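A.B. asks:
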Amino acid sequence: MSKIVFYLHADSGQLTELVKAAMLMASDALFEEKALQVAVMRPRPSDILAVPADSDLLVKLDLVVEIVFPFGQPIRPLQAALYKASSPMLELVNRSQSFLVLGYQRTFQESGKKLLRYHYLMFRGVEYSRADYLDYYIHSHYRFGVVTPLADYYQNYLDQEGGRELAAVFGVDAFDADNISELRFDSVEDYLFSDAIREIAPQAAVDEELFVNRKRCQSFSMNVLLDSRSYC
């Protein structure tokens, strides 16, 4: 499924209103008519999974809003309607410090609605073309995600050119990561301090050194305020 993810920085004093506007956007008739799914998330305070924790992105990140499209639904015909539906929300953000990515979500393992999500925005190593990088990420590195206990695992492959075009439509900046590794779980502590993660995490880090520019990457976790999807 294709998806748009907004990483939003609220205008001064507008965070509460921004959250309200994002939640209200999900009830717009467009989303029911086109079967669009919406998730609204807040970065977790004192986030042990935030690396680096003091990055410019995270310091200014107030809200994450995800819009997921059904299979076969092109985004371009819906751009005008999406812009109209999201305008009350975007009027409350600092657009020069808010970002958007466009991508395709692949589900590796899923067990239902979760209270927390983790995003790891990743960049390829300098020796890797995008094709080389995604080939290794999809067909080799994935193994660390699927053996992760207590978490659902997704890969998001980002369309950088399409993201730039869409960001211009919405009046925000594009974030040019190559992909997002995504985990969803109910407890950070149970996940992070499990015996399996203590074993898997160092192995995954060593593997990333082969093909990832880890100095450019950004990870963090979020509390889910709204997830409109039905997991039945």
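Its first residue numbered 797, the sequence shown is counted upward by one per residue in the working numbering.
The C-beta atom is built at its ideal place from N, Cα and C for all residues, glycine as well.
The structure presented is a predicted model; accordingly, all values stated were derived computationally and were not measured.
Residue 897 and residue 954 look like a contact to me (Cβ under 8 Å); what is the Cβ gap, rounded to whole Å?
C.D. replies: What you label residue 897 is simply residue 101 of the sequence shown in a count that begins at 1. What you label residue 954 is simply residue 158 of the sequence shown in a count that begins at 1. By a beta-carbon distance limit of 8 Å, residue 897 contacts residue 954. Their separation comes to about 5 Å.
A.B. asks: What's the call for residue 899, buried or exposed, on a 16-neighbour Cβ count within 10 Å?
C.D. replies: Position 103 of the sequence shown holds residue 899. It is buried - the Cβ of residue 899 has at least 16 other Cβ atoms within 10 Å.
A.B. asks: Could you give the distance in angstroms between the alpha-carbon of residue 1011 and the alpha-carbon of residue 807?
C.D. replies: The residue labelled residue 1011 in the question sits at position 215 within the sequence shown. The residue labelled residue 807 in the question sits at position 11 within the sequence shown. Those two C-alpha atoms are separated by around 29 Å.
A.B. asks: For residue 942, I'd like the list of residues in its chain whose CB is within less than 8 Å of its CB, leaving aside the five on either flank, ordered along the chain.
C.D. replies: The count along the sequence shown starts at 1 and reaches residue 942 at position 146. Hits under 8 Å: 904, 905, 949.
A.B. asks: Assign residue 1011 to one of three DSSP states: helix, strand, or coil.
C.D. replies: Residue numbering aside, residue 1011 sits at position 215 when the sequence shown is read from its first letter. Residue 1011: helix per DSSP, three-state reduction.
A.B. asks: Please list the terminal residues of the continuous beta strand (DSSP E) segment that includes residue 847.
C.D. replies: Along the sequence shown, one-based indexing puts residue 847 at 51. Premise fails: residue 847 is in no beta strand (DSSP E) and is neither H nor E.
A.B. asks: Would you kindly work out how many angstroms separate the C-alpha atoms of residue 877 and residue 891, rounded to a whole number?
C.D. replies: Within the sequence shown, the letter at position 81 stands for residue 877. Within the sequence shown, the letter at position 95 stands for residue 891. C-alpha of residue 877 to C-alpha of residue 891: approximately 19 Å in a straight line.
A.B. asks: Could you tell me how far apart the beta carbons of residue 1020 and residue 835 are, in whole angstroms, since I believe they sit closer than 8 Å?
C.D. replies: Taking the first residue of the sequence shown as 1, we reach residue 1020 at position 224. Taking the first residue of the sequence shown as 1, we reach residue 835 at position 39. With a Cβ gap of about 6 Å, residue 1020 and residue 835 count as contacting.
A.B. asks: For the beta strand (DSSP E) that contains residue 977, what are its first and last residues?
C.D. replies: Locating residue 977 in the sequence shown gives position 181, where the first residue counts as 1. Segment 975-981, the beta strand (DSSP E) holding residue 977.
A.B. asks: Going by CA-CA distance only, name the one from 971, 986, 992 that's closest to residue 853.
C.D. replies: By 1-based counting over the sequence shown, the position of residue 853 is 57. Checking every option, the nearest Cα to that of residue 853 belongs to 971.
A.B. asks: Ignore the nearest five residues each way along the sequence and tell me which others in residue 980's own chain have a CB closer than 6 Å to its CB.
C.D. replies: Residue 980 sits at position 184 when you count from the first residue of the sequence shown. Counting only Cβ-Cβ distances below 6 Å, and skipping sequence neighbours, we find 910, 913, 948.
A.B. asks: Got a sec? Which residues, its chain only, sit under 6 Å from residue 866 by beta carbon, not counting five neighbours each side?
C.D. replies: Residue numbering aside, residue 866 sits at position 70 when the sequence shown is read from its first letter. Once the five neighbours on either side are set aside, the close Cβ partners of residue 866 are 831.
A.B. asks: Does the Cβ of residue 1006 have 16 or more other Cβ atoms within 10 Å, making it buried, or fewer, making it exposed?
C.D. replies: Against the sequence shown, residue 1006 aligns to sequence position 210. It is exposed - the Cβ of residue 1006 has fewer than 16 other Cβ atoms within 10 Å.
A.B. asks: Can the beta-carbon of residue 802 be found less than 8 Å from the beta-carbon of residue 864?
C.D. replies: Position 6 of the sequence shown, counting from 1, holds the residue named residue 802. Position 68 of the sequence shown, counting from 1, holds the residue named residue 864. No, Cβ-Cβ distance for residue 802 and residue 864 is not below 8 Å.
A.B. asks: Ends of the beta strand (DSSP E) at residue 813?
C.D. replies: Working through the sequence shown from its first residue, we reach residue 813 at position 17. Counting along the chain, residue 813 falls outside any beta strand (DSSP E), though it belongs to the alpha helix (DSSP H) covering 811-821.
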